[in-house]
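Engineer: Next up is a structure, given as structure tokens.
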Amino acid sequence: MAAQEIGAAPSEQTAVADPIVSRFEGALRPDERKGYEGYIVAAEGLPEVATGLRDELGYDYLSSVTGVDYLDGGQLEVVYHAYQTSGGPALNLKVQVDRENPVLPSLVSVYPGADFQEREIFDMYGVRFEGHPNLRRILMWDGFAGHPLRKDWREAYYEEENKPFDSRWPTGDVRRSEAANRFGKNVIYPAGFDFENWTPESDESLYASLNKVGSNGKTLQTDSLVVNMGPQHPSTHGVFRMVVALDGETITDLQPVMGYLHRSHEKIGERNTFLQNMPYTDRLDYLSSMGNNLGYALAVEKLMGVQVPERAEYLRVLMAELTRVSNHMWAIGFLLNDMGAFQTPALYAIRARELILDVFEATAGSRMMCNYMRFGGVARDLPETLRDENTLDFISDLAHNRLPAAIDELDRFLTGNEIVRARCIGVGVLPAEKAIAYSAAGPLLRASGVPYDLRRAEPYSIYDRLDFKVCTRSNGDVYDRYVIRIDEMRESVKICQQALRDMPAKGEIFSRKPQYNVRVPEGESYGRVENPKGELGYYVVSTGKTNPYRYHVRAPSFINLTVLGEMCKGHKVADAVVILGSIDIVLGEVDR
Amino acid sequence: MYGTGMLRGMGVTIKHLVDAFVDDLRFLGQRYYNAGSLNARQGTRGRGVFTVQYPEEKLPVPERFRFIPFLLYEANADGSTDHRCTSCGICAKVCPPQCIWIERSSDPETGRPIPTPTRFFIDIDICMNCGYCAEYCPFDAIKMDHDYELASYERIEAHIFDKDRLDKPVEYYAGIRPTEYVDEENARAEEDAKKAARKAAAAKKKSVGADSKAAAA
Ligand code: SF4
Ligand code: SF4
């Protein structure tokens, strides 16, 4: 109580002391809703405020842009989280706009990294961003009716606003969800939709929008043509399409097209209870489910204000770093696949990964869908034995011998290989300023020489106690993105060794009484972790109930694709495959 | 020199090839199925590639491995069975994809609920094997299985498991999850002992109270 009074009394003073409010006098005001933070900006002033923040105050990195539908207030809110690449907490900006006629200025010219995210908001909420160069749907298909994340939009399988559904207990009248579908098909068509004569407009406009002027014409007679790589293409790691404009073999423009695997993760997340979302996060980037769990747990713990016991913190970090190693092994293996070294490097890379998955399976019960973290700890402690060995011995052996040996072997196998070097060096160069502007994250950003790693920039869990180096490389080409993954694996192994050394031998792993349905205090929170593929963020809004009002995932795979076209321009079409491989995407996370 | 990188890489490939055969010698005789040899060669001691000949051979799954849940019952000496589930509904409420359906029984005369389910269904097409139902069931009545071979020729009827299909004896559970079973039994015994002690204490207090009252009178 006393603290509150002290905090509340000199409100004028704080307003004066706040450099952001004083700098942008009149254009923004602090967000004073309970549990909220940051500033509310007037729509007209947004580009000016953003430019000022970027150029004068150093908020050069736009992490996440997302929307929230406040149905009761009749408003849509667009939420921006910007950071300084030198480190530090978020700047949280919000713009409110009328639900009926939502028009906002686009920030793509200030932060090019907003490109796909604004398109997603347009797709999901119908907010029109004026000045956006390419405002089309991004996850849903062109003929789709409505904007799915609006609170009054209902899916074909709609049963109730929130889980748990009443029909499950105590009456238990079982039925398959197909039978509950009101439309017979899993789609609603817009009024007057003509199936027979429909051609996807936006494909035409997409093809027309590509830059098709080549530079090759003088020496060689080349044609310009548009090629669709995908959705079914072995190089795309899933169902993903690259529309490539070519001049001869040289790429003049490239646009990624995604959404084929979209399953409305966020809509499901808002129907779910807080706890129920945890196993769903496993299915985002299914190669690093431990990291996904951690990010979500952090976001909700921030709202709940719970502490995590010491031993659980160490277990979390241990698992997250093992995940990083296993993810990078896979990333490198697949990069080599994309270069044409079919399967041999990939299989060598995943041999060590198998042992890591063994640890996950024995501890959490599943190799990939770990569902291991809970709000306030982890689900289970390490088991006694693993494959007839003491579990701790198994993991120590892994951290001290097997993984370093596997990483060294991969290094010996590939780093000096002349073909790898010829295919990678100087390909897909991404300069540092561009990487920051396009909100690239993770190895993609650090390979361009930006030492930005959340484990250092804004330490979470116990990373501030651990000794590791933030790896960077300077050239920002595909080769550096390969080498940095080797470097990062070495650092992760170091972290695992420290975690094993310092972990309390016994102790609580869960700080609260396990509860199957938790109520989370009102407010918003943005939890982010350095996932293997980059910054994974969760934006959660709670209204004090058992279900999140808003649940958004800032997916690194998705946002890293924003810069793909830029990196590919001027290269040969075969390089596009390698450049895509070097970003390391997982379609489960891109499409959500 | 150009090409040394590639040669070194080929050295790695050859080492992998040789390792596989060296391991065959190191673990001589442990080629075909027995759990020990699979553990050894798939564990940290194995070096070379080792192929498990599924379905003739199967990798043992760890105790905590979780696949589609099942319901536990205890078989009595007289042939009757005690089902542990009280149809409290917690598993149906916590289940993320909502694939558990429970019909609670009620007394035909009073209409009051009876702690046992009339019907219990799990749609295994939807079950995401998260393990929450087992984690939050207060009566240890639902547990995750190890049986992952559930392919069938028909998916509409066959994939909605009813109570008969879900029921498994406690002994089966003790077999697949021995340590968890023992831990739970111990916890239950402790809890029972505590309850008994509390009851005894309460009874004693009462009788002491009665005694003192009697004395006062
Ligand atoms: S299985 Fe457990 S949680 Fe589910 S209804 Fe029965 S007793 Fe309750
Ligand atoms: S394992 Fe998870 S998804 Fe499957 S029935 Fe249990 S709670 Fe539901």
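Going down the list, the protein sequences come from chains P and W. Going by the numbering used here, the first sequence opens with residue 2, and the numbers climb by one from there. Going by the numbering used here, the second sequence opens with residue 4, and the numbers climb by one from there. Every residue gets a Cβ at the ideal spot worked out from N, C-alpha and C, and that includes glycine.
Taking V227 of chain P as the reference, which of P:P257, P:L387, P:W199, P:F469 has the closest Cα?
Structural biologist: P:P257
Engineer: Ligand 1 and C136 of chain W: does any heavy atom of the ligand fall closer than 8 Å to the residue's C-beta?
Structural biologist: yes
Engineer: According to the Cβ coordinates, are S90 of chain W and W170 of chain P closer than 9 Å?
Structural biologist: yes
Engineer: Could you give the residue range of the beta strand (DSSP E) that holds E434 of chain P?
Structural biologist: E434 of chain P -> not in any beta strand (DSSP E); alpha helix (DSSP H) instead, spanning 433–438.
Engineer: Please name the residue, chosen from P:N328, P:E410, P:Y439, that lies closest to S493 of chain P on a Cα-to-Cα basis.
Structural biologist: P:N328
Engineer: For the region 37–109 of chain P, list the beta strand (DSSP E) runs that are entirely contained and at least 3 residues long, ordered along the chain.
Structural biologist: For the region 37–109 of chain P, whole beta strand (DSSP E) runs of length 3 or above, ordered along the chain, are 40–42, 62–71, 76–84, 92–99, 104–106.
Engineer: For K164 of chain P, which residues from the same chain have a beta carbon less than 8 Å from its beta carbon, with the 5 sequence-adjacent residues on both sides left out?
Structural biologist: R272, N273, T274, Q277, N548
Engineer: Using a Cβ cut-off of 9 Å (strictly closer), state whether V428 of chain P contacts chain W.
Structural biologist: No, no contact with chain W.
Engineer: For the 8 Å Cβ check, are there 3 or more pairs between the region 91–99 of chain P and the region 74–81 of chain P?
Structural biologist: Cβ pair count under 8 Å is three or more, so yes.
Engineer: Using 9 Å as the limit for Cβ to Cβ distance, is A220 of chain W near chain P?
Structural biologist: Unreliable positioning characterises A220 of chain W in this predicted model, as indicated by a pLDDT of 47, which lies under 50. The coordinate reading is nonetheless provided below. Judged by the 9 Å Cβ criterion, A220 of chain W is not in contact with chain P.
Engineer: Spatial neighbours of W154 of chain P within its chain, please: CB distance less than 7 Å, with the 5 preceding and 5 following residues excluded, ordered by chain position.
Structural biologist: These residues qualify, in order along the chain: G147, H148.
Engineer: Taking 8 Å as the cut-off, does the CB of P72 of chain W come closer than this to any heavy atom belonging to ligand 2?
Structural biologist: Yes - ligand 2 has a heavy atom lying nearer than 8 Å to the Cβ of P72 of chain W.
Engineer: Over the uninterrupted beta strand (DSSP E) stretch that includes N594 of chain P, give me the two end residues.
Structural biologist: With chain P covering 2 to 593 only, the question about residue 594 of chain P has no answer from this structure.
Engineer: Is any beta-carbon of chain W found at less than 9 Å from that of V379 of chain P?
Structural biologist: no
Engineer: By Cβ distance below 6 Å, which residues in the same chain neighbour A500 of chain P in space, the five residues on each side in sequence not counted?
Structural biologist: Y315, V318, L319
Engineer: Output yes if chain W places a C-beta closer than 9 Å to the C-beta of P280 of chain P; else output no.
Structural biologist: yes
Engineer: Around the Cβ of A556 of chain P, are there at least 16 other Cβ atoms within 10 angstroms (buried) or fewer (exposed)?
Structural biologist: buried
Engineer: Tell me which residues pass a beta-carbon proximity test against ligand 1: closer than 6 Å to any heavy atom, given in chain order.
Structural biologist: W:C88, W:T89, W:S90, W:C91, W:G92, W:I93, W:C94, W:I105, W:C140, W:F142, W:A144, W:I145
Engineer: Beta carbon of N293 of chain P: closer than 8 Å to some heavy atom of ligand 2?
Structural biologist: no
Engineer: Let me know if A436 of chain P comes out buried or exposed under the rule of 16 or more other beta-carbons within 10 Å of its beta-carbon.
Structural biologist: buried
Engineer: At a threshold of 8 Å, does I125 of chain W count as lining ligand 2 (C-beta to nearest heavy atom)?
Structural biologist: yes
Engineer: Chain P beta carbons: is any one of them nearer than 9 Å to that of E187 of chain W?
Structural biologist: Using beta-carbon distances, E187 of chain W does not count as an interface residue toward chain P, since no partner is under 9 Å.
Engineer: C88 of chain W touches chain P at which residues, Cβ-Cβ below 8 Å?
Structural biologist: Contacts between C88 of chain W and chain P, judged by CB atoms closer than 8 Å, are missing: the closest CB pair is about 12 Å apart.
Engineer: Which of helix, strand or coil does DSSP assign to T392 of chain P?
Structural biologist: It is helical.
Engineer: Along chain W, in chain order, which residues have C-beta atoms closer than 7 Å to that of F166 of chain P?
Structural biologist: Q101
Engineer: Going by beta-carbon coordinates alone, are L92 of chain P and L58 of chain P separated by less than 9 Å?
Structural biologist: yes
Engineer: Can you give the Cα-Cα distance for I41 of chain P and C371 of chain P, rounded to whole angstroms?
Structural biologist: Between I41 of chain P and C371 of chain P, the C-alpha separation is close to 38 Å.
Engineer: Starting from Y373 of chain P, find everything on chain W with Cβ-Cβ shorter than 8 Å and list it in chain order.
Structural biologist: The contacting residues do not exist; Y373 of chain P stays about 10 Å from chain W at best.
Engineer: Nearer than 8 Å: is that true of the beta carbon of V97 of chain W relative to any heavy atom of ligand 2?
Structural biologist: yes
Engineer: Does the Cβ of W331 of chain P have 16 or more other Cβ atoms within 10 Å, making it buried, or fewer, making it exposed?
Structural biologist: buried
Engineer: Using 8 Å as the cut-off, classify the Cβ of M147 of chain W as near or not near the heavy atoms of ligand 2, replying yes or no.
Structural biologist: yes
Engineer: In the region 166–185 of chain W, which residues sit with their C-beta less than 9 Å from some C-beta in chain P, listed in chain order?
Structural biologist: Here the close residues are T182.
Engineer: Does any residue of chain W have a CB that is nearer than 9 Å to the CB of F469 of chain P?
Structural biologist: no
Engineer: In or out: M13 of chain W buried (at least 16 other Cβ within 10 Å) or exposed?
Structural biologist: By the neighbour-count rule (16 or more Cβ atoms within 10 Å), M13 of chain W is not buried but exposed.
Engineer: May I ask which residues mark the beginning and end of the alpha helix (DSSP H) holding A347 of chain P?
Structural biologist: 345–365
Engineer: Can you give me the C-alpha to C-alpha distance between V66 of chain P and S558 of chain P, rounded to a whole angstrom?
Structural biologist: 15 Å
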